[in-house]
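One structure is given below, encoded as structure tokens.
Numbering (our numbering), first residue to last: 76 to 1086.
Listed below in structure tokens is the structure:
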């Protein structure tokens, strides 16, 4: 099955020699150099070989024309440009984007083989359903009707929350937005995506430290770093192309690379300092470093005084983490951590990088806040070469998170409050009462009716319990009865034995994906399973947000293959089936009855996403950037000349205001060395202005050009009036604000605004200039206008006027505050070390216990009731998991790619040499790995010192085997991945972060024995 293909469509002709290549009349210079291996000399080499190059004639050019189309790799979040070569509608070849400032002509193994992802033979080719245990082909029309009819019955009997809509980080921004909007119109917050189980603790921890929960700088800005500190990340395998940016800093700046990981990874092989910590001891490690910084006075005292709140409380906690105690908990000698601390202090600015090794813990939010506090103490925030560079996993996990495919928020992180729903109802032109009426109502603890639109839904990490838990123990009226897994691999989640039970208990399971995922085979259902073939992202188009917050525009490479359909068309089919398509798409142009227009969808996003600045990235600006990638500087990401002169590549959010003000995007968050209008920013005033009598606003520091030369709160209309800046608003902006608070007749009295899209009155804030309206009288505005609009703020002003005026005066719309080192609303206001639920260090459990059991996200969540049991004698080895360079996510699509499948054909477990010898296990033999909850997997042993004694590692990309049983015969014919294997998550265990319900995958226990 793994022999290499030789069909002519998939492969280019073999390049046999220079002579054979130069003999082709239509050879171009680049193809010649590529084929010959010549780097210099160019066409002069042709003469040396006696060959000739002739100008292509019109006839030959027409016969051999190859269309090149730019897209973006669909794997990790670096955002590599793929240049597809298409002939007669067939994708025949590809090149890396040489002009892309992100990948600079590089690809990893996954990126180099994405053509096969689209043209793969193992794809799901048409809709199917299981009937009597057999897969049966059905039509799209029948599938939508059958699924829709069953969902309507479930809705009628058990309410809208009994259908769980699980979205995807594989959706484009426009598809993700429509997915979340669709869930709102269906009437549920039981909607989520992969970010919950990869970086939700990052978003919570980072956003609650300084305002926004995203990567602060960029891969490219690492070129300016003087030190690189990586913890819980392995970019050499998880984000391979990003490594070129790290190595440039290492070589160019002599920047020391410090890698903290329980495992000696391929990234650690590049390190100047490798710190092997015990899994689950991240906070203790960071506090151990800070102990040396504080003890020696190496912290940035002035930065802390002016821009940080709560560091004194951190000092009190850090005092406990002496070198001796730190070593007892982490296993890292104090002398090494002193060396790390000195290195970071002597090489500023330095960057901190993390990934899922730091996030997937019951204390994940503590870990991410500790990393942030380390950077605040060093003064490495808001500066080029500094920041927290959080490498996101999937190609659009940043964008899908921004667009609100989450159970606790609406698009733009607006939350689920009444005010958030009112904002989006205004954007959508929807009747708020009708929208709320789509949701179920329950009795609250006070006996009053509570609409579930304001209650967080069940997160994807816990959907299993939404099915299996007794509703009497939950805040949901009825259990989940139908599950829609849309672009999601279930083997990326823990507790797979219970997941199998949950799948079998459902009334219906719907899988929407280009490839049948493990969902298709891991349950023993004989009926009630539907597989719907989604198109890949190469068969559609739209925007996607890279890890650095830059938006890029994918062009459609080929038409949808087989009977697959793009995700936004499938959303349209369901919306029509449920009867609310006319409402859902009322302000969006339609390509046909079921397909919303992508550009029009982005314009609706631009009308509502004021919080994080998705308002300036119009389709036209994004397409302009993609077409002119060569004009952007490879380090600063700023265009130097050209049609996008001054813009930062991809308009990294926040791109403030409407597109008309031409904000260039924000390359590095919180960098006060630039004016806000030119991409500068302060820390966000998100947490009030005072706490315990202490000032939460910045003290005496501000962005360049700011007219307020001190800290200040977020901007409201009232604040503009207090400053005397309200007269800077245009007439049109005031009309829009008046409409927000319900003034009747303002449009008729003062005039209407056409938004340029569909001729309707615009709530978008497209602005007339001051020159056009400045001489007109404002008398038509009611006398109580100022009073009523006073509370409108920069987030809810649909005109964009408040943002525009604030920026015109040099101010950040969201205020100028201190970062907070203490988050008083979290279970641990000051991050503390807590032992994992399944810990083999019972001495540390006594000193650093976990939380008490609690209920949140609608479900009871266990902590202490698990940790009180000692499993360490029977399960003595710590089990952790991670990524491989060859595969991505759950691995269904990459294991279905023959070029990647050939590279890694076996699922395995890494076992330390000492442990293997003690267990009688030899390299390459089969072993059983069992977790303390009874799940076990049969895998190949890799005996290696990559892992320390007492630690085992497994990759999480495999599936298709289940506890020793090969499930290949359960896949639809021809749709089984080339490589199958056990999923590590069958052996992984219960455990969820105390704030976000992030799953614990990095620090559980197991036992291993020879099979």
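Backbone N, C-alpha and C fix where the C-beta goes; we use that ideal spot for every residue, glycine too. Remember, it's a predicted structure, so these values are computed and weren't measured experimentally.
Per DSSP, residue 895 is paired with what? For this step, residue 895 is matched to residue 820 along the chain shown. Beta-bridge pairing links residue 895 to 384.
DSSP on residue 749, reduced to helix/strand/coil? Numbered from its first residue, the chain shown carries residue 749 at position 674. Looking at residue 749 - three-state DSSP - the assignment turns out to be coil, as it is neither helix nor strand.
Output the boundary residues of the beta strand (DSSP E) element that contains residue 1073. As a working note, residue 1073 is residue 998 in the chain shown. Here residue 1073 belongs to no beta strand (DSSP E), and DSSP marks it neither H nor E.
If you count every other CB in all the chains shown that lies within 10 Å of the CB of residue 1085, and 16 or more means buried, which is it? Locating residue 1085 in the chain shown gives position 1010, counting from the first residue. With fewer than 16 neighbouring CB atoms inside 10 Å of its own CB, residue 1085 falls in the exposed class.
So which of 563, 573, 525 has the shortest CA-CA distance to residue 550? Looking up residue 550 in the chain shown gives position 475. Distance from the Cα of residue 550 is smallest, within the candidate group 563, 573, 525, for 525.
Can we say the stretch 655-667 touches the stretch 588-603, given the rule of at least three CB pairs closer than 8 Å? no
Residue 457 and residue 746: beta carbons closer than 7 Å? Numbered from its first residue, the chain shown carries residue 457 at position 382. Numbered from its first residue, the chain shown carries residue 746 at position 671. A contact, by the Cβ cut-off of 7 Å.
Buried versus exposed, by CB contacts within 10 Å (16 or more), residue 635: Along the chain shown, one-based indexing puts residue 635 at 560. Answer is buried; the Cβ neighbour count reaches 16.
Going by CA-CA distance only, name the one from 987, 1011, 1017, 982 that's closest to residue 999. Here residue 999 is taken as the residue at index 924 of the chain shown, counted from 1. Checking every option, the nearest Cα to that of residue 999 belongs to 1017.
For a quick check, are the C-beta atoms of residue 1014 and residue 987 less than 7 Å apart? Numbered from its first residue, the chain shown carries residue 1014 at position 939. Numbered from its first residue, the chain shown carries residue 987 at position 912. Contact flag unset, no.
Enumerated in chain order, which unbroken segments of the beta strand (DSSP E) with a length of 3 residues or greater are wholly contained in the stretch 517-569? 524-526, 557-561
Uninterrupted alpha helix (DSSP H) stretches inside the stretch 330-379 (no shorter than 4 residues): 357-370
Going by other Cβ atoms of all chains shown within 10 Å of its Cβ, with 16 needed for buried, is residue 145 buried or exposed? The residue given as residue 145 occupies position 70 in the chain shown. Classification for residue 145: buried.
For residue 247, name the three-state secondary structure that DSSP assigns. Position 172 of the chain shown, counting from 1, holds the residue named residue 247. Coil at residue 247, not helix or strand.
Buried/exposed call for residue 569, threshold 16 Cβ in 10 Å: Start at 1 with the first residue of the chain shown, and residue 569 comes out as number 494. Label assigned to residue 569: buried.
Put residue 864 into one of helix, strand or coil per three-state DSSP. Taking the first residue of the chain shown as position 1, residue 864 is located at position 789. DSSP places residue 864 in helix when its eight states are reduced to three.
Would you kindly check if the distance between the Cβ of residue 483 and the Cβ of residue 241 is under 7 Å? As a first step, residue 241 must be located in the chain shown, where it is residue number 166. As a first step, residue 483 must be located in the chain shown, where it is residue number 408. No; because the gap between Cβ atoms is not below 7 Å, this pair is not in contact.
When the distance is taken between beta carbons, is residue 437 closer than 7 Å to residue 885? On the chain shown, position 810 is the one that residue 885 refers to. On the chain shown, position 362 is the one that residue 437 refers to. No, the pair does not count as a contact, with Cβ atoms beyond the cut-off.
Alpha carbon of residue 328 to alpha carbon of residue 879, nearest angstrom: Taking the chain shown and counting its residues from 1, the one referred to as residue 328 is at position 253. Taking the chain shown and counting its residues from 1, the one referred to as residue 879 is at position 804. Rounded to the nearest angstrom, the two C-alpha atoms are 39 Å apart.
Can you find at least 3 beta carbon pairs, one from the stretch 314-333 and one from the stretch 176-196, that sit closer than 8 Å? They touch, by the three-pair rule.
Who pairs with residue 618 in a beta bridge, going by DSSP? Here residue 618 refers to the residue found at position 543 of the chain shown. In the DSSP assignment, residue 618 forms a beta bridge with 628.
Just how far apart, CA to CA, sit residue 1008 and residue 614? As a working mapping, residue 1008 is identified with position 933 in the chain shown. As a working mapping, residue 614 is identified with position 539 in the chain shown. Each residue's Cα considered, the two are about 42 Å apart.
What residues in its chain sit with their C-beta under 6 Å from that of residue 722, if we drop five residues either side in the sequence? Locating residue 722 in the chain shown gives position 647, counting from the first residue. Hits under 6 Å: 714, 739.
Give me, in chain order, the residues of the same chain whose beta-carbon lies closer than 6 Å to that of residue 186; leave out the 5 immediate sequence neighbours on both sides. Against the chain shown, residue 186 aligns to sequence position 111. Excluding its 5 nearest sequence neighbours in each direction, residue 186 has C-beta neighbours in its own chain below 6 Å: 148, 155, listed in chain order.
List the endpoints of the continuous alpha helix (DSSP H) containing residue 571. Numbered from its first residue, the chain shown carries residue 571 at position 496. From DSSP, the alpha helix (DSSP H) with residue 571 extends over 571-580.
Those residues which DSSP pairs with residue 427 across a bridge: As a first step, residue 427 must be located in the chain shown, where it is residue number 352. Residue 427 is bridged by DSSP to 304, 463.
Please classify residue 165: is it buried, with 16 or more other beta-carbons within 10 angstroms of its beta-carbon, or exposed? Reading the chain shown from its first residue, position 90 is the one you call residue 165. Under this definition residue 165 is an exposed residue.
Only counting the same chain, and skipping five residues up and downstream in sequence, which positions put a Cβ closer than 6 Å to that of residue 719? As a first step, residue 719 must be located in the chain shown, where it is residue number 644. Same-chain partners within the cutoff: 699, 700, 703.
By DSSP, does residue 594 sit in helix, in strand, or in coil? On the chain shown, residue 594 is found 519 positions in, with the first residue counted as 1. Note: residue 594 maps to helix in three-state DSSP.
Can the beta-carbon of residue 1054 be found less than 7 Å from the beta-carbon of residue 970? Working through the chain shown from its first residue, we reach residue 1054 at position 979. Working through the chain shown from its first residue, we reach residue 970 at position 895. Yes.
Start and end of the alpha helix (DSSP H) containing residue 714? Taking the first residue of the chain shown as position 1, residue 714 is located at position 639. Run containing residue 714: none; DSSP gives neither H nor E here.
Please work out which residues of its chain come closer than 7 Å, Cβ to Cβ, to residue 258, disregarding the five sequence neighbours upstream and downstream, and give them in chain order. Taking the chain shown and counting its residues from 1, the one referred to as residue 258 is at position 183. Result list for residue 258: 240, 266, in chain order.
Is DSSP giving residue 142 helix, strand or coil here? As a first step, residue 142 must be located in the chain shown, where it is residue number 67. The answer is strand: DSSP assigns residue 142 an E or B state.
Taking residue 647 as the reference, give the member of 157, 255, 865, 798 with the closest Cα. Numbered from 1 along the chain shown, position 572 holds the residue referred to as residue 647. Among 157, 255, 865, 798, the Cα nearest to that of residue 647 is on 255.
Compute the Euclidean distance between the alpha carbons of residue 688 and residue 468, then round it to the nearest angstrom. Position 613 of the chain shown, counting from 1, holds the residue named residue 688. Position 393 of the chain shown, counting from 1, holds the residue named residue 468. About 22 Å.
With three or more C-beta pairs closer than 8 Å as the rule, is the stretch 723-730 touching the stretch 618-636? yes
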